[in-house]
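What follows is a single structure, written as structure tokens, with notes after it.
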Amino acid sequence: MDIKTVDSYDFSGHKALIRVDFNVPLDKQYNITDDSRIKAAVPTIKKILKDGGAVILMSHLGRPLKKLKEDGTVDYEKHSLKHVLKHTSELLGVEVKFGGDCIGEEAFKMSASLKAGEVMLLENLRFYKEEEKGDAAFSEKLSKHGDVYVNDAFGTAHRAHASTTIVANYYPADRKMFGYLMAAEIKNADKVILQAEKPFTAILGGAKVSDKMLIIENLIAKADYIIIGGGMAYTFFKAQGYHIGSSLAEDDRLETAKEVIAKAEAKGCKIVLPVDSVIADKFAADANSKNCDTTNIPDGWMGLDIGEKAIVDFRNVINKSKTILWNGPMGVFEMEKFQAGTKAVAEAVAEATENGAFSLVGGGDSVAAVNQFGLADKVSYVSTGGGALLEYFEGKELPGIKAIRG
Ligand code: AMP
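Using this note's numbering, the first residue of the sequence shown is number -1, and each one after it goes up by one.
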């Protein structure tokens, strides 16, 4: 499907209101500890400025109305986007002005007098409850800042919030479009979900099977292999009657796990589980650990990583795949003792990519893993979306995308 982007629009003389995702992690002194989200928005902003347009940036930062101070009041200082002004200015090579209150009088004065080549940033949208509610009047007010609306915040595309979705209602079809980041996210996700070259393998991991059930069910019809690692694998073993010791298990998902295995079999999709695990006698970095068949984990022991044989199995499947989607770690990779499985999978995905496969890695922890192992530039695409990417692969239409695509 055609994606309408900033690339084919001449912004000369226009004011672009851009929804970016500047929800970056800050330390106690409000220094940015990871600026990748800001960096990801730079190409879109630069293109608009180069055309001779002006830019009004809007974003959220954290959840100010939900994470209150101990005295029950909103922590405006902690959640202020003014902390990112300096660094954003440095990345853009243009001084970014601070507009303050996103629908305040000052902000409107500033956006009204903004000149070509200038950039301003509005204060945290989530200081207003209307943002997450998708309030129409609030959205309409936001729309007054610019005559073109650009959405470049894939991370929030699954939310029908004012700035991500509803605001688009106040722009004609030819004045709303995606930024480069959004366009790249959609294009790469579609390569996997709509145009996967076979064999297509999805690698799913992480702690909870309940978070991933919908995506597994949707992928059964599309993937040739679904590799399941991480804590969620143990629910599948338990569902088949095996002994998993004190490994993670979601007892209310045993039936669904059984159904998934049967459905996959019927559709010719192979579910690949870790035949062995690295088990530990406690959930700790200094636990005693050993390799053990996943079908028979002793009481008092828990599987915290995939085992040696599983690594070989997973690698074999990954190596013969032409399309690979990876979401979620294979074990508790934050602890060195239990990171071998995640590292081996990251390496296998990189190797398959070198041999011509298309690979997409998404979701906070798997992205952290490829970064940690220095393999981020050895996979085809690293997504910035966590929840949004999952929902896309669950087969849902994301409101932020629909608002522009129609
Ligand atoms: P998620 O947020 O569901 O993607 O899960 C990511 C988390 O799952 C990471 O913090 C991992 O440490 C954790 N995890 C992965 N494998 C296991 C396991 N076998 N047991 C417990 N936690 C795990």
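C-beta: ideal position from N, C-alpha, C; glycine also.
Inset, instruction - Express the C-alpha separation of leucine 63 and alanine 52 in angstroms, rounding to a whole number. - result: Indexing the sequence shown from 1 puts residue 52 at position 54. Indexing the sequence shown from 1 puts residue 63 at position 65. Whole-angstrom Cα-Cα distance: 30 Å.
Legend entry - Per-residue burial, threonine 31 [other beta carbons within 10 Å of its own, 16 or more giving buried]: The residue labelled residue 31 in the question sits at position 33 within the sequence shown. Exposed, because fewer than 16 other Cβ atoms sit within 10 Å of the Cβ of threonine 31.
Legend entry - Residue from Phe331, Thr321 and Lys2 with nearest C-alpha to leucine 358: As a working mapping, residue 358 is identified with position 360 in the sequence shown. When only C-alpha atoms are compared, the closest one is Thr321.
Inset, instruction - Look at cysteine 290 and aspartate 274 and say whether their C-beta atoms are less than 9 Å apart. - result: Position 292 of the sequence shown holds residue 290. Position 276 of the sequence shown holds residue 274. Yes, the Cβ-Cβ distance between cysteine 290 and aspartate 274 is below 9 Å.
Inset, instruction - Give the C-beta separation of glycine 132 and histidine 156 to the nearest angstrom, bearing in mind that I take them to be a contact with Cβ-Cβ under 8 Å. - result: Taking the sequence shown and counting its residues from 1, one reaches residue 132 at position 134. Taking the sequence shown and counting its residues from 1, one reaches residue 156 at position 158. Their Cβ separation, rounded to whole angstroms, is 13 Å, which puts glycine 132 and histidine 156 out of contact at 8 Å.
Inset, instruction - Given a cut-off of 9 Å, decide if proline 197 and alanine 231 are closer than it, judged by their beta-carbon atoms. - result: Your numbering for residue 231 matches position 233 in the sequence shown. Your numbering for residue 197 matches position 199 in the sequence shown. Contact: no.
Legend entry - Other residues of its chain near serine 287: CB distance less than 8 Å, five sequence neighbours each side excluded: Start at 1 with the first residue of the sequence shown, and residue 287 comes out as number 289. Val276, Ile277, Ala278, Asp279, Leu302, Lys335 and Phe336, listed in sequence order.
Legend entry - Helix, strand or coil at aspartate 69 according to DSSP, with G and I counted as helix: As a position in the sequence shown, residue 69 is number 71, starting the count at 1. Reduced to three states, the DSSP call for aspartate 69 is coil.
Inset, instruction - Can you give me the Cβ contacts of threonine 42 inside the same chain, cut-off strictly under 6 Å, excluding the 5 residues immediately before and after it? - result: Residue 42 sits at position 44 when you count from the first residue of the sequence shown. The answer, listed in chain order, is Val4, Asp150, Gly177 and Tyr178.
Inset, instruction - Give the secondary structure of valine 22 by DSSP, where H, G and I count as helix, E and B as strand, and everything else as coil. - result: As a working mapping, residue 22 is identified with position 24 in the sequence shown. Reduced to three states, the DSSP call for valine 22 is coil.
Inset, instruction - Could you pull out every unbroken beta strand (DSSP E) segment of at least 3 residues lying fully inside the segment 127 to 213, listed in chain order? - result: 146 to 149, 174 to 176 and 198 to 202
Inset, instruction - Starting from the N-terminal side, write out each stretch of the alpha helix (DSSP H) that is 4 residues or longer and does not extend beyond the segment 202 to 281. - result: 207 to 218, 231 to 237 and 252 to 265
Inset, instruction - Pull up the DSSP beta-bridge partners for methionine 333, would you. - result: By one-based count along the sequence shown, residue 333 stands at place 335. Methionine 333 pairs with nothing; no bridge assigned.
Legend entry - Heavy atom of the ligand AMP within 8 Å of aspartate 303 beta-carbon: Numbered from its first residue, the sequence shown carries residue 303 at position 305. Yes; taking the cut-off as 8 Å, the Cβ of aspartate 303 has a heavy atom of the ligand AMP nearer than that.
Inset, instruction - Closer than 7 Å by C-beta to methionine 328: which residues in its own chain qualify, once you throw out the five before and the five after it? Chain order, please. - result: On the sequence shown, residue 328 is found 330 positions in, with the first residue counted as 1. If we look at methionine 328 and ignore the five residues flanking it on each side, its Cβ neighbours are Gly203, Gly227, Gly228, Asp303, Ile304, Gly339, Thr340 and Val343.
Inset, instruction - Report whether the distance from the Cβ of leucine 246 to the nearest heavy atom of the ligand AMP is below 8 Å. - result: Taking the first residue of the sequence shown as position 1, residue 246 is located at position 248. Yes - the ligand AMP has a heavy atom lying nearer than 8 Å to the Cβ of leucine 246.
Inset, instruction - Mind checking who asparagine 289 pairs with in its DSSP beta bridge? - result: Here residue 289 refers to the residue found at position 291 of the sequence shown. DSSP, once it has assigned bridges, lists Val276 as partnering asparagine 289.
Inset, instruction - Kindly examine the ligand AMP and report whether one of its heavy atoms sits closer than 8 Å to the Cβ of glutamate 389. - result: Reading the sequence shown from its first residue, position 391 is the one you call residue 389. No; taking the cut-off as 8 Å, the Cβ of glutamate 389 has no heavy atom of the ligand AMP nearer than that.
Inset, instruction - Note down the Cα distance separating threonine 293 from leucine 89, rounded to an integer number of angstroms. - result: Start at 1 with the first residue of the sequence shown, and residue 293 comes out as number 295. Start at 1 with the first residue of the sequence shown, and residue 89 comes out as number 91. One C-alpha to the other measures close to 52 Å.
Legend entry - Which residues DSSP lists as bridging methionine 300, in chain order: For the purposes of this step, residue 300 is taken as residue 302 along the sequence shown, with counting starting at 1. Partner(s): Ala278.
Inset, instruction - Return the chain-ordered ranges of every beta strand (DSSP E) run that is complete within the segment 84 to 121 and spans a minimum of 3 residues. - result: 94 to 98 and 117 to 120
Inset, instruction - Please name the residue in Ala14, Glu138, Glu215 and Ala134 whose C-alpha comes closest to that of leucine 388. - result: Locating residue 388 in the sequence shown gives position 390, where the first residue counts as 1. Minimum Cα distance to leucine 388 is reached at Glu215.
Legend entry - N-terminal and C-terminal residue of the beta strand (DSSP E) that asparagine 317 is part of: Here residue 317 corresponds to residue number 319 of the sequence shown, with the count starting at 1. No beta strand (DSSP E) contains asparagine 317, which is instead part of the alpha helix (DSSP H) from 306 to 317.
Legend entry - When Arg61, His85, Ala135 and Thr86 are compared against tyrosine 74, the one with the closest alpha-carbon: As a first step, residue 74 is located in the sequence shown; it is residue number 76 there, counting from the start. Closest by alpha carbon: Arg61.
Inset, instruction - Using 10 angstroms around the beta-carbon of alanine 28, count the other beta-carbons present and answer buried if the total reaches 16, otherwise exposed. - result: The sequence position of residue 28 within the sequence shown is 30, counting from 1. For clarity, residue 28 is tyrosine in the given sequence; the question names alanine instead. With fewer than 16 Cβ atoms within 10 Å of its Cβ, tyrosine 28 is classed as exposed.
Inset, instruction - Below 8 Å on the Cβ atoms is my guess for alanine 386 versus glycine 153; work out the distance and round it to an integer in Å. - result: Here residue 386 is taken as the residue at index 388 of the sequence shown, counted from 1. Here residue 153 is taken as the residue at index 155 of the sequence shown, counted from 1. 6 Å between Cβ atoms; contact.
Legend entry - Proximity below 9 Å, CB of aspartate 49 to CB of tyrosine 7: Position 51 of the sequence shown, counted from the first residue, corresponds to residue 49. Position 9 of the sequence shown, counted from the first residue, corresponds to residue 7. It is a contact, given that the beta carbons lie within the stated cut-off.
Legend entry - Beta-carbon spacing of threonine 392, leucine 212 below 9 Å: Residue numbering aside, residue 392 sits at position 394 when the sequence shown is read from its first letter. Residue numbering aside, residue 212 sits at position 214 when the sequence shown is read from its first letter. According to the sequence shown, residue 392 is glutamate rather than threonine. A contact, by the Cβ cut-off of 9 Å.
Inset, instruction - Please confirm whether serine 78 and aspartate 19 have their CB atoms less than 9 Å apart. - result: Residue numbering aside, residue 78 sits at position 80 when the sequence shown is read from its first letter. Residue numbering aside, residue 19 sits at position 21 when the sequence shown is read from its first letter. The answer is no: Cβ separation not under 9 Å.
Legend entry - Rounded straight-line distance, which links the Cα of threonine 163 to that of leucine 396: The residue given as residue 396 occupies position 398 in the sequence shown. The residue given as residue 163 occupies position 165 in the sequence shown. Using only the alpha carbons, I get a separation of about 9 Å.
Inset, instruction - May I ask whether a heavy atom of the ligand HEM can be found less than 8 Å away from the beta carbon of phenylalanine 235? - result: As for the ligand HEM, it is missing from this structure, which binds only the ligand AMP.
Legend entry - beta-carbon tyrosine 232 near the ligand AMP non-hydrogen atom, thresh 8 Å: Sequence index remark: in the sequence shown, residue 232 carries index 234 (1-based). Correct: tyrosine 232 has its Cβ closer than 8 Å to the ligand AMP.
Legend entry - Distance cut-off 8 Å: alanine 205 Cβ against heavy atoms of the ligand AMP: Your numbering for residue 205 matches position 207 in the sequence shown. Yes, the beta carbon of alanine 205 sits closer than 8 Å to at least one heavy atom of the ligand AMP.
Legend entry - Alpha-carbon to alpha-carbon, proline 23 and alanine 135: Numbered from 1 along the sequence shown, position 137 holds the residue referred to as residue 135. Numbered from 1 along the sequence shown, position 25 holds the residue referred to as residue 23. Alanine 135 and proline 23: Cα-Cα distance of roughly 30 Å.
Legend entry - N- and C-terminal bounds of the alpha helix (DSSP H) containing lysine 45: Taking the sequence shown and counting its residues from 1, the one referred to as residue 45 is at position 47. Boundaries of the alpha helix (DSSP H) harbouring lysine 45: 34 to 49, taken from the DSSP string.
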